[in-house]
Amino acid sequence: LEDETGAGKTEAAMTLASRLTGSGAAQGVLVSLPTQTTANSLFKRIAPLAGKLFDPRARPALSLAHGKGEYALRRLLSRDLREGDISGELHAWCTDSSKTALLADFGVCTVDQVVLSALPVKHNVLRQLGLGRKVLVVDEAHACEPYLMELLALTLRLHAQRGGSAIILSATLPNTEKLRLLRAFAEGAGHAVPARISSDAYPLSTRLNGNGCMLEPVSNSRGPRDLRMEPVRGAQVPGLIAQWLHAGDSVCLLLNTVRAAQRAYDQYSVSFPGQVELVHARFTARHRGDNDARLLERFGKTAEPAGRRGRLVIATQVAEQSLDVDFDQMVTDLAPLDALLQRAGRWRRHVRTAAGEVIPARSASDGRAAGALHVIMPPVAGNEAFIEQLSPFTMQVYDQPGVLYRTAQLVEQQRGLRLPCGVRTAMEQVYDAQAAVPAFLQPSDDGAQGRQQAERMRARYVRLDPDKGYSCAQPPVPNEECVTRLGEPSHCVVLCDDKGKPLFGDAEESGVAVRASLLALSVEEDGRTRLKMQPGALDRWYARAWDPRGRLRVVRYSRERGLSVSEPQRRGSSG
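With the working numbering, the residue at position 440 of the sequence shown is 440, and numbering never jumps.
Set out below in C-alpha cells:
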C-alpha cells in the first residue's frame, strides 16, 4: 500500500490483517517498523485492536520486540495481568526475550527482529517459527537502506515459502525497491515473478497472489493540493523562526545531526526562554519516552491550541516517522526527497482553524495562512561547491550525492509538487540511478553507488542461502558479521552516579546509545557498560573519559540537551 503519511495506511493494513486472520489464512499479526521509537508509538496505538482480531473469548498474547522492548512494555502496558492466568503467563513468556517475542499472537517489533530470521544466527529457526503463518506488516519500508532491504527481501521470500502473508506500507518507495520485494515474495510463494511495474498511479494498491500481480489506484481522502517547498539559506532561518514564534505559531526545526540540534537549542533557548524543546536519539530511555509523550500531548491531534502556541521544537530524524504530531511551520535541513516528504508529514498534518483547533472533516480547508516547507540548502545551478555547502555531516547521514542534488534541483526549480499525484513522478526522477549529474559531482556519486552495491553484496554473503536450506553446505559466517544494519557500532551506556547507581531509575531507564568511536568504556561483569558521572550545576552531569584513540573527552548530560561529547583532547595536554 502506497499513500501519503497520515493517510491511514496502518488502519488499512489492520483491516486486511483482520480479513486474513478471520478467514483462517493467517494465525496472528506481526507489525515491524524501522526504529524503537516508531515501534513504541505504533504499539500504543494499535495494541487495543489486538482483541478484535481474535475470538471474543480469547486473550491473545501481545509482544513488543526490540532492544529495549521489555522496558518499553513496562511503560506502555498496565501491570494488572492476572496471576496464574494462562494468557498472563504466555504474555510474560513471549516478552521474556526478543527471540520468543515473535511467538506472540499479536506483536510489534523493529524490522531488525524480523530480518534476523534470514541470518545464520542462533535461534533463527525460533524466529522463523514465530513468523510462521502470521500476517507480516512492514511499515515505513522506504526507511530500509540497501543492506537492510536485501535482508528484508530474503525474509519475505522465506515467509512466503512457509505460507505467510505480507503487507508492505510506504509513502515513498521507489519502483526498483518495490519490484525487488515483490519478486522475492513471488519466488518464495511459487507465483509468477512480475517483470515490471507499469502503473504511475499514486496512491496505489499492489496485490500479488497466485492469480498474478494486480495494481489498483486508490482514491485519496484529502484531495489534490500543492506542497510548496521554499529554499532558504542558514542565515535566514533565525529571522523566520523569530517571526513565526512572535506570531504565535508552533514551529519545528528539523536538523540532520544531534550536534547541530544541540547547538541550535543553545542558540534559541537564549532568545526564547521557556519556549524551546529538544528531541533527538541521545537521551536516556526514560527521557526519550517522556519526550515522545510530551510531543504527542502538545502537538498531537487532540492537543489544546494554547499548548501549541509560540513553541519551537528542535528535532532530528526521530520526529520524522510514525509520530502523529503536526506543526504550523517547519524548517528542515536538505535530505533525500523521501525523507523530506516524511518530514512534511509532520507539517500541517491535521486540518486546523487559524486558532489551532482541529477540524474533524479532512476535506475541509485549513484555516491557517498559506505556507511552505522551508528547506535549508545551498544554491544548485552551477554551484560546484554544492556538497561542501550542505549542513555539516549531511553526507555522513545521507551518502547519496546524486539524490541530494536532484532533490535540491526539484526544490529550487519546481518549488514543490502536487499531492498526491506528483509523488510518484518526483520520486522516480530523484532516484533515477541513470540520471546525469554534473561533472563535478560524478566521482562522489559513482563512489556512493559503488558503496551501495557493496552493501547489497555483503548482505548476500551473510544471509542464509534459501536454495541450500539447512544443509551443512552453508559457509560459516562469523557471528560479528551477522548484523542487521551496517554502520558504526554503538554501545548502550548506563549513566550512573559516583557510587555506580543509575541516575534515572534503573539501568534500562538510564541507558543511552553512544557510538563506539566516541568513548572507550569497559564492559563490566554483568555485561553492562557504565559511566560514572559527577553532578554539575542546574541538574546537569559530567564525566571525563578516553576515546579509543587515547584522547580525553568531556561527557555531559542534562534533561534539556541529552548527552553530548566534547571535541577530543590528547593525553598530557592542558585544560
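Backbone N, C-alpha and C fix where the C-beta goes; we use that ideal spot for every residue, glycine too.
Thinking residue i and residue j are a contact (beta carbons under 8 Å), I'd like their distance in whole angstroms, please.
i: residue 252; j: residue 315; result: 6 Å
i: residue 482; j: residue 529; result: Not really, about 22 Å apart at Cβ, beyond 8 Å.
i: residue 282; j: residue 258; result: 5 Å
i: residue 531; j: residue 495; result: 6 Å
i: residue 171; j: residue 142; result: 7 Å
i: residue 177; j: residue 149; result: 6 Å
i: residue 444; j: residue 378; result: In fact, because the Cβ distance is near 15 Å, the residues do not count as touching under 8 Å.
i: residue 169; j: residue 137; result: 7 Å
i: residue 518; j: residue 565; result: 5 Å
Quick one: what does DSSP say residue i is sitting in, helix, strand or coil?
i: residue 262; result: helix
i: residue 152; result: helix
i: residue 484; result: coil
i: residue 528; result: coil
i: residue 230; result: strand
i: residue 270; result: helix
i: residue 605; result: There is no way to answer for residue 605, as the model of the chain reaches only from 1 to 575.
i: residue 315; result: strand
i: residue 461; result: helix
i: residue 88; result: Low confidence applies to residue 88: its pLDDT is 48, below 50, so where it sits in the model is not reliable, and the reading given next is rough at best. It is helical.
i: residue 416; result: strand
i: residue 321; result: coil
i: residue 132; result: coil
i: residue 583; result: No answer is possible for residue 583: the residues shown for the chain start at 1 and end at 575.
i: residue 277; result: strand
i: residue 398; result: coil
i: residue 51; result: helix
i: residue 80; result: Annotation note: pLDDT 40 at residue 80 (below 50); position unreliable, no value reported.
i: residue 193; result: coil
i: residue 19; result: helix
i: residue 403; result: helix
If you follow the alpha helix (DSSP H) that residue i is part of, which residue opens it and which one closes it?
i: residue 347; result: No alpha helix (DSSP H) holds residue 347; DSSP gives it neither H nor E.
i: residue 295; result: 285–299
i: residue 189; result: 175–189
i: residue 385; result: Here residue 385 belongs to no alpha helix (DSSP H), and DSSP marks it neither H nor E.
i: residue 430; result: 422–430
i: residue 308; result: 305–308
Tell me which residue opens and which closes the beta strand (DSSP E) that residue i is part of.
i: residue 491; result: 490–496
i: residue 357; result: Segment: none, residue 357 is in no beta strand (DSSP E) and carries neither H nor E.
i: residue 168; result: 165–168
i: residue 214; result: 212–217
i: residue 329; result: 329–333
i: residue 376; result: 373–376
i: residue 208; result: 204–209
i: residue 7; result: Counting along the chain, residue 7 falls outside any beta strand (DSSP E), and DSSP gives it neither H nor E.
i: residue 511; result: 511–515
i: residue 558; result: 551–558
i: residue 116; result: Taken as a continuous stretch (DSSP letters only), residue 116 belongs to no beta strand (DSSP E), as it is neither H nor E.
For residue i, list the residues DSSP reports as bridge partners.
i: residue 241; result: None; residue 241 has no bridge partner.
i: residue 109; result: 32, 65
i: residue 566; result: Paired residue(s): none; residue 566 is not in a bridge.
i: residue 543; result: 555
i: residue 502; result: 496
i: residue 2; result: 170, 204
query = Would you call the segment 22–40 and the segment 451–462 in contact, with 3 or more CB pairs under 8 Å?
reply = no
The segment 548–568 / the segment 281–300 touching (three or more Cβ pairs under 8 Å):
yes
* Three-pair Cβ contact test at 8 Å for the segment 11–21 versus the segment 227–240 -> no
query: Counting Cβ pairs closer than 8 Å, one from the segment 261–281 and one from the segment 349–367, do we hit at least three?
result: no
Original post:
Hey, is the segment 414–429 in contact with the segment 376–393, meaning 3+ C-beta pairs nearer than 8 Å?
Top reply: no
* Is the segment 107–127 touching the segment 25–33 in the sense that three or more CB pairs, one from each, lie closer than 8 Å? -> yes
| request: Taking 8 Å as the threshold, find out whether the segment 324–344 comes into contact with the segment 424–437 through three or more Cβ pairs. | output: yes
Segment contact, 8 Å Cβ cut-off, at least three pairs: the segment 323–333 with the segment 291–309
yes
How about the segment 392–409 and the segment 434–451: do they share at least three Cβ pairs that are nearer than 8 Å? yes
Can you confirm whether the segment 118–134 touches the segment 38–52 when touching is taken to mean that 3 or more C-beta pairs between the two stretches lie within less than 8 Å? no
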